[in-house]
Structure formats: structure tokens, C-alpha cells
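2 protein chains.
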Amino acid sequence: MEIASMNNNDKNSSNIFTNGLLWFKSLYEKLFAKIIGIAKQFKKIGKDDPRRVIHSLKVGVALTLVSLFYYFQPLYNGFGVSTMWAIMTVVVVFEFSVGATLGKGLNRGMATLLAGALGVGAHYLASASGKVVEPILLALFVFLQAFATTFIRFFPQVKARYDYGMLIFILTFCLVSISGFRVDEIVDMAHKRLSTILIGASVCVIISIFVCPVWAGEDLHKLVANNMEKLGKFLEGFGDEIFKSAEVEESKDAKKSLIEYKSVLNSKNAEETLANFARWEPGHGQFKYRHPWRQYLKIGGLIRQCACRIDALNGYINSEIKAPEEIKEKIKETSKEMSIECGKALKELSNSVRKMNLPISADEHITNAKKSAKSLNSLLKTGINNWEEINLLQVIPLATIASILTDIVICVDEIGQGVNELATLAHFKKSNNKEITTKVVEKIELSNNNIIEGSRKVHDCSSHDVVITINESNMKL
Amino acid sequence: MEIASMNNNDKNSSNIFTNGLLWFKSLYEKLFAKIIGIAKQFKKIGKDDPRRVIHSLKVGVALTLVSLFYYFQPLYNGFGVSTMWAIMTVVVVFEFSVGATLGKGLNRGMATLLAGALGVGAHYLASASGKVVEPILLALFVFLQAFATTFIRFFPQVKARYDYGMLIFILTFCLVSISGFRVDEIVDMAHKRLSTILIGASVCVIISIFVCPVWAGEDLHKLVANNMEKLGKFLEGFGDEIFKSAEVEESKDAKKSLIEYKSVLNSKNAEETLANFARWEPGHGQFKYRHPWRQYLKIGGLIRQCACRIDALNGYINSEIKAPEEIKEKIKETSKEMSIECGKALKELSNSVRKMNLPISADEHITNAKKSAKSLNSLLKTGINNWEEINLLQVIPLATIASILTDIVICVDEIGQGVNELATLAHFKKSNNKEITTKVVEKIELSNNNIIEGSRKVHDCSSHDVVITINESNMKL
Chain X
1 MEIASMNNND KNSSNIFTNG LLWFKSLYEK LFAKIIGIAK QFKKIGKDDP RRVIHSLKVG
61 VALTLVSLFY YFQPLYNGFG VSTMWAIMTV VVVFEFSVGA TLGKGLNRGM ATLLAGALGV
121 GAHYLASASG KVVEPILLAL FVFLQAFATT FIRFFPQVKA RYDYGMLIFI LTFCLVSISG
181 FRVDEIVDMA HKRLSTILIG ASVCVIISIF VCPVWAGEDL HKLVANNMEK LGKFLEGFGD
241 EIFKSAEVEE SKDAKKSLIE YKSVLNSKNA EETLANFARW EPGHGQFKYR HPWRQYLKIG
301 GLIRQCACRI DALNGYINSE IKAPEEIKEK IKETSKEMSI ECGKALKELS NSVRKMNLPI
361 SADEHITNAK KSAKSLNSLL KTGINNWEEI NLLQVIPLAT IASILTDIVI CVDEIGQGVN
421 ELATLAHFKK SNNKEITTKV VEKIELSNNN IIEGSRKVHD CSSHDVVITI NESNMKL
Chain L
478 MEIASMNNND KNSSNIFTNG LLWFKSLYEK LFAKIIGIAK QFKKIGKDDP RRVIHSLKVG
538 VALTLVSLFY YFQPLYNGFG VSTMWAIMTV VVVFEFSVGA TLGKGLNRGM ATLLAGALGV
598 GAHYLASASG KVVEPILLAL FVFLQAFATT FIRFFPQVKA RYDYGMLIFI LTFCLVSISG
658 FRVDEIVDMA HKRLSTILIG ASVCVIISIF VCPVWAGEDL HKLVANNMEK LGKFLEGFGD
718 EIFKSAEVEE SKDAKKSLIE YKSVLNSKNA EETLANFARW EPGHGQFKYR HPWRQYLKIG
778 GLIRQCACRI DALNGYINSE IKAPEEIKEK IKETSKEMSI ECGKALKELS NSVRKMNLPI
838 SADEHITNAK KSAKSLNSLL KTGINNWEEI NLLQVIPLAT IASILTDIVI CVDEIGQGVN
898 ELATLAHFKK SNNKEITTKV VEKIELSNNN IIEGSRKVHD CSSHDVVITI NESNMKL
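In the order they appear, the protein sequences are chains X and L. Numbered according to our numbering, the first sequence spans residues 1 to 477. Numbered according to our numbering, the second sequence spans residues 478 to 954.
Spelled out as C-alpha cells, the structure:
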């Protein structure tokens, strides 16, 4: 009996041991998989936008620089504990883009200056009124100021640009006016705090502008151009997709590129944030100081409107169209042309925004799309003979597609007008039109150099004409 | 001559005086108008959401309470300059909604605790390595920590919920580890700072929960319900508007209520922010702790999809429809019914979400809308005889409207399913269905009380049946 029970005990303990080992192994494996997953995500986030890695490095450098104030005795003697404020400023002010950093830095600096001055004033006023009244008066000041400033933060204009400044205003006013109740050298304190904050903010601004800067304005510029391109891609692809027979297998990539437009629908917030930041930025690269950022928001709105129509159109991609072949063929051609011309126009507009060239050939594509819309209309009015045989129900999907496409042509026209306005406001340059020139050159490659020279001059003239007509069309807007 | 020149001088000086007066007057008037304008905006912002005034008052009270630490000697003796951190915490943590305040407070508390502990560790590690290596090691720690934490802030999951905590983590780690280089009682400092931050955060959380709380969850709940109602209003109004002759003057109010849906298109960001805050909130009122806030986002997405279709529909409101009267009449009735039934369904769904009752009659409206869509289809297939005489171009706008409306019926059906899922997840109650019961009661008002009692029982049973079918339909989803 004893041996059996001992055997049992042995078995049990070895079981427990094996179970424990297994549990430990599975835990280890889970943990390992988790770590691998996180590492992969790290890599992906860095790969998606390498500027993120650079930004993190920049923050590290800025903080290390500012913390030098603590280590070096002469610097520390100058500012003392106030050095803390420099570190705090760097941590809070250093943002991803130059505009955001500048906006926060200016907000913090101005608010500290203003609230510091008011705080000192409040402190003197209160201390002049006697030991008993002083705390009551100070508490009243703090309450009133906090109430008023918090309420002002709800103003939309203030919220968009000065929210952070308002927060710092409350903070500094409270700290300065209340600390004054204890610390006698209040002016000295306010002065030290302000200078350390200025040092911190300057470090942020300088590093963010001069070391691999990330410009919010440039991001906005690219975002709007990319959004136009996404819609253009969809429309070009749609022309091919919609009338394809259902049996043809589509490649996954093609489908993916068609769905890309969906991100455009929710781009409003990103655009507004970037535009707000961009307005703080100094001139950089192709963008002057007062670049018309608002116009991008206007174009963005038109693009979203167009994306909404496209979303309605997207519902028809996988629907089978049963209309008789004859009608299908006739409507197909013009619809396809409308869609493809709109797509080309959007791509051209996107390109012209990206390169800041005048959108010369886009107008042509829009005119073509409008012509197709007209010819579709007249086709529907007169061109088809055997209406008697048609089941209206079968024609409706086609008619709807044509109708939504007509709407899209109008949208694209409006986007074109918006881009033309932007081109005037931001003084877009004449395009070099290298591609067109190249074609001309190819044709007359065999001729002598003089002729090539001539063709270039002719081309320059014609593009100049286009500039004028575009400006005129803008005058009418 | 002399007299004349003197006269001239007199005239000149009196002219300058009058001009100066006029200038001063116009400046005064401009200033006055500006002040009036700002005052009006103050009033409007307060009137739009009176909770803003209450929130501002709450911030004032919280700050005044915390500043008491400075005024009362015994309290001040305990914490000293660290009291500053309590004020700072209140200013930065106190947000409009309970969820945002709680989220920030918890983030700040946890990040301070963690970073404080790590900072103390870093300090000891550095100081054990000798006077020369210490600053180098500390600088290295600061750099590595700032780099890693800043990069982690780019993770979408972290950005959504723990962004503020990450910021505070960098800040506290730097302050504690670097200050340790100077202040010897580093543990004492970290302890004081943590307790003042906890006091500040607690004051915020307590005031924000117990004094007129603003729940982000409730706001999200109402936002989604309101958005559904806006679409419902449009669709109900559309049924009347679209086939009205162009000459009938529309009231401005009616037009305004039709355009209300446009705000729905850009609601994604607000919904996501509110859902993020709501997840921090404890159970309150009708909402339990783990209320399915994600489901609201799903419904919100479906609502926006529907709003997109409605935006496409909106283009046809002012277009003149020239189709022959006979066809117009026939299509009109069914289209109108589809639109109105969809509108009613959305309004009913909105109501059921708002009151957290099961959406009983919405299913009925959706079924009706589907029936209308079907009958419209068969009408188009067979019902109209004289196709030969029809100009297809004239029918297209009608056909497009019908086609988009069919899409909308599908969208509304999906929204209905989403709300049903929500009803199951959040355990919506059986509706009292007072209105229906009232009608039944009215009909049998003349009978005796027993019969009324009976009708109520019957009604209760039937609504119970509906509960079961809804649950079953959810099982299939």
C-alpha cells in the first residue's frame, strides 16, 4: 500500500512538474509571440513614415540639451530650480510638425508673459489690502480668472488656435499670483520662469525647423493632392470595371486601389488640423508665409463631395447589369469616356497641385467629360430606336450610373475651378510640359536643331496663352 | 494778408480738431460694436450648451479649493512648494466630460507613479557609478527614454487612450532622475509630488462626477440618436419636397431642416473621441460600466454611409422633373412611400435608442419600405404601358431617385440591424409603447376595466414575442 501511494505521489509530483513545465513553455511562447508582434508593429510604424523615428530622436536630443542646465554648475547657479520649466516646456511643446511646435511655443511664451504680468499685478493688489483680506482677494481673482478663461476656451476661433495658450494662461496666473503669497521675490521668480520657458521653447523651435523639418503645410498640400489622385484612380478604374462581365476574375490589387477613395470621405478633420498648424509656419520651400491654406480646405470639401458621389457609384460595381447588349454597348462607351476623362482630369489636377504647375490639360479633360455627358444625353433622347422592346427596369442601373457620373463631372469641374483659384492665389508657375515637348521633339527628331528650337518657342507661346485664358476664367469666378 | 492767414490757421486747427473728434468717435463706435459682438457670442455659446457655463464654474471652484493649500499654514507645511503640482494637475486634467477628466487623471497618476519609480532607479544607478560618469549616464537615460516613449506615442492604440500618460511619463522621468542629481531627498520629493498630484486629480474627478456631471457616453448616445433623427427628418421631408412643383414657395425652416443632415457626414471624429472618453467612465444612469460603446461607432459608420446616399439624393431636390404626368404619378407614390417609411423607421430607431427601448415598430416601417421598393420594381417592369411614347431622358432623373432610394432602404435596414444588435448588447428594455396602448385603450374606452386590462396583457405578450425574434435575427448576423 505504502509503495503504491508513494508511486502515486511520485506520479502526481511528476505530473505537476510536467504541467508546470508545459504551462511555463506556453507562457514563454505566448510572451515571445507578443514581443515579436510588438516589434513588427514598431517596424511597420517606422516604415510607414520614417519621419517618426527622426522626430523621436529630435525629442531625445532636445531634452538632453536642455537637461545640461542641471549638470553644469554655472548654468544651474543662474536659474536654479526654474530649470525644471525648460524641461517641462520641451516635453509639452515639441510636436511632430513645425507649425504645431511653433504654435504651441508662441502660445506658451505669450500666455506666460501676459499671465505673469497680470499675476504680479494681482499679487500686489491683494497684498496692499492687508493680511486678512489678501487670501480672500487672491482666491476671488483665481476663481474669476479660471471661470472666464475656461469659458473663452469654448469659442471656436480660440479653440482652433489659442487653446493651449489659454490653458497656460490659467496655470501661470494661478502659480504666480498664489506663489506670491509665500515667495517674496515674485518678480524675480516670474522673470526666471519666463526665461527658462523661452529657452525651452527656442530649443524646440530651432531643432524642429533646422533638423529634418516636418512642415504641416507640405503635408496638407500632399494630402489634398493625394486625395484627388485617389478619386482619379477610382474613376479611371471604374470605367474598366463596371462593364466587365462578372466572370472575369479581378486582381486583388485592382480592387484595393478602387477602395482607396474611402479614406477621402473622413479626411476633413486631418485637413483642418494641418491647415491650423500650417498658418503658424514661416515660408519654406515652395510655400510663402501667407500661402492660401484656406483654399486647400475649400478644395478638400469639394473633393469629399465628389467622394460621396463616388461612394454611391461604388455600389454598382458588383451589380450585374442585364440590359440588352445594344443599349449596353451604346451607353457603355460614353459612360466609360466620362469616367475616364474625369479620372484623367483629377489626376492631372493632382499632379499640377503637387508640382505647383498650372493645370493646363485638366481643362481639356473636363471639357471632354462634359461633351461625353452631353452626347450621352442626346443619345438617350434620340439615338436608340427600339424602346418598345426595352424593360425599363433593366435600363435603370445604367441610367443611374450615367446620372451619378454626370453629377461627378459637375463636381470635378468645381474641383478644377478650385484648383485654378489656388493656382492664381499661390502664383503657380507655367508647367514645363516636358512630356508634350518630348513628343514634338520625337516627331521632328530627324530635322535640324533650329527646328527643334523653333518648336520649343512655339510651345512656350501656346502655354503662355493658356496662362492668360486661365486667369481670365478666374476673373469670372 | 495777415488776418487771412490767421483765419486759415484757425480753420485748419478747427478742421484737425473736428477730424480728430470724428476719428475718435468712429473708433469708439467700432470698439463698442466689437464688444457688443463678443458679448453676443458669449451669450450664444452659453445658450447653445449651458453646461459650458457650469463647467467653467466647476473649474473655478476646483482651482480655488486646491489653492487653499497655499493659504493655510498647516497644509502648506506638509507639502511646501509641491502644492504647485496640485494646481498644475487641476488646470491640465479638468476636462469637459467625466470620461476625459478620468482618463487624464488616471493617465497622469499612473504615469507619475511609474516614471517616478523608474526615475528614482535611474538616479541610484547613475549615482552609484561615480561623479564623472553620473551626468553622462543620466543624459543617456533621458535620451533613450525620451526617444522610446515618443516613438511609442505613434502607436494608434496608445495615441487614442494613453497619449497624455506617455507625455507625463517623459516629463516625470526627466524631472525626477535629473533633479536627483541636485536634491538629495529624491524619494521624499517624488512622494510629495505624487501625493499632491493625486490630491489635484481627486479634486477634479470628484467635482466632475458629483457636480452636474457631463458624461461623454451620454453625449455619444445622444449624438448617434440625433444623427439618425436628422436623416429621418430629411427622408420624411424629401417625400414631400421632390415632387412639388417648382413654383410653390418653400418655407425657410423646411429647407433648413432638410440641410441638417450635412453635419452627419463629418461626425466620425466627434464620435470616436466621445467613445474613447466614454470607455473611461464608470456606470451612470442607464449605462452600465461596460456599455457597448463600440457598437455606437459601428452604427455611426452605417449612418454616415446612409448620409452619403442622401447627399446624392439632395442634388435632385431642386431639379425640375419633366416626365409625363402619368409616369410621374405612378413612380411618385411609391417613391414617396419608400422615402417616408425609411424616414419613419429612422425616427423610430432614433427614439428607441434615445429611450433605450426595443425598436419594435421600426422593423415594420423597414418592411413597408422594402415592399414599396419591390412594388416600384414590378411597376417599372410591367405596370406602365405606353413606353413607346416615353423620352428616356425624362425618366432618368426619376429612375435615379428611385434607385438611390432603394440603396437607402438597404442602408436603413442595416442601421436597423445595428440598433437591434445594440439593443441586445445593452439589454434595452421592452418599450411601454404608451402610444399604441393609448390607441387600443381609446378604441375600447367604452368597455369595462377588465377588457382594458386584457388588452394590456395581450400587448405585453406581443412585444415579448418581438424580443425573441430580434434575438434570433441577431443570432444570424
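We put the beta carbon where it would ideally sit given N, CA and C, even for glycine. Model, not experiment: these values are computed from the prediction.
CB of X/L231 within 8 Å of CB of X/L118, strictly: no
Cβ-based neighbour list, L/S849, same chain, cut-off 6 Å, excluding 5 preceding and 5 following: T811, E814 and M815
Beta carbon proximity, X/S67 to chain L, threshold 8 Å: X/S67 counts as touching chain L.
For L/F764: DSSP bridge partner residues: L/H761
Alpha-carbon to alpha-carbon, X/W293 and X/V205: 21 Å
Beta-carbon neighbours of L/L540, restricted to chain X and to distances below 8 Å: V142, F143, A146, I170 and C174
Anticipated Cβ contact below 8 Å, X/A362 with X/G416, distance rounded: 6 Å
Where X/L258 falls, given that 16 or more other Cβ within 10 Å makes a residue buried: buried
Residue burial classification, L/Y505 (beta-carbon count within 10 angstroms, cutoff 16): exposed
At least three beta-carbon pairs within less than 8 Å, the stretch 553-571 of chain L to the stretch 669-683 of chain L: yes
Residue of L/N834, L/D788, L/L671 and L/W757 minimising C-alpha distance to L/G580: It is L/W757.
Distance, X/P359 Cα to L/A723 Cα: Low per-residue confidence applies at L/A723: pLDDT is 46, beneath 50, and the placement is therefore not dependable enough to give any value.
Residues within the stretch 563-577 of chain L neighbouring chain X, beta-carbon criterion of under 8 Å: Of all residues in the stretch 563-577 of chain L, I564, M565, V568 and V569 have a Cβ within less than 8 Å of some Cβ in chain X.
L/K745 at chain X interface by Cβ criterion, 8 Å: Interface with chain X (8 Å Cβ-Cβ cutoff): L/K745 is included.
Backbone secondary structure at X/C357 - three-state DSSP: The question names Cys, yet the displayed sequence has Asn at residue 357 of chain X. Reduced to three states, the DSSP call for X/N357 is strand.
Inter-residue CB distance, X/R108 and X/I170 (contact presumed, cutoff 8 Å): About 13 Å separates the two Cβ atoms, so there is no contact after all.
8 Å Cβ shell around X/H365 - same chain, five flanking residues per side excluded: Closer than 8 Å at the Cβ level, and outside the excluded window around X/H365, lie E341, C342, K344, A345 and E348.
Neighbouring residues, chain X, relative to L/D788 (Cβ below 7 Å): Within chain X, the residues placing a beta-carbon under 7 Å from that of L/D788 are C308, ordered along the chain.
The stretch 115-133 of chain X / the stretch 291-311 of chain X touching (three or more Cβ pairs under 8 Å): no
Below-8 Å beta-carbon distance, L/T589 vs any chain X residue: no
Positions along the stretch 399-422 of chain X whose CB lies within less than 8 Å of some CB in chain L: A399, T400, A402, S403, I404 and D407
Residue-level contact to chain L via CB, X/P285, 8 Å cutoff: Reading off the sequence shown, one finds Gly at residue 285 of chain X, where the question assumed Pro. It does not: the Cβ of X/G285 has no partner Cβ on chain L nearer than 8 Å.
Reference X/G285; option with closest CA among X/I45, X/Y316, X/I209 and X/F147: X/I209
Spatial neighbours of X/L446 in its chain, beta-carbon cut-off 6 Å, leaving aside the 5 residues before and after: Residue placement at X/L446 cannot be trusted, given a pLDDT of 36 that sits under 50; what the coordinates show is reported in the next sentence. Cβ neighbours of X/L446 beyond the five flanking positions: none.
Assigned secondary structure, L/K848 (DSSP; H/G/I helix, E/B strand, else coil): helix
heavy atom of the ligand FMN below 7 Å from X/V419 C-beta: No copy of the ligand FMN appears in this structure; indeed no ligand is present at all.
Beta-carbon separation (whole angstroms), X/F277 vs X/A216, contact threshold 8 Å: 4 Å
Reduced DSSP category for L/K906 - H, G, I as helix; E, B as strand; rest coil: Assigned with DSSP and collapsed to three states, L/K906 falls in strand.
DSSP three-state assignment for X/P292, whether helix, strand or coil: Looking at X/P292 - three-state DSSP - the assignment turns out to be coil, as it is neither helix nor strand.
L/A900, buried or exposed, once every other Cβ within 10 Å from all chains shown has been counted against 16: With 16 or more other Cβ atoms within 10 Å, it is buried.
For L/V701, three-class secondary structure by DSSP: helix
Reference X/G165, options X/T112, X/V59, X/S14 and X/V211, closest by Cα: X/T112
C-beta neighbour in chain X for L/A903, strict 8 Å: no
Alpha-carbon to alpha-carbon, L/M833 and L/L902: 11 Å
Inside the stretch 61-94 of chain X only - alpha helix (DSSP H) runs reaching at least 4 residues: 73-79 and 83-93
C-beta neighbour in chain L for X/Y289, strict 8 Å: no
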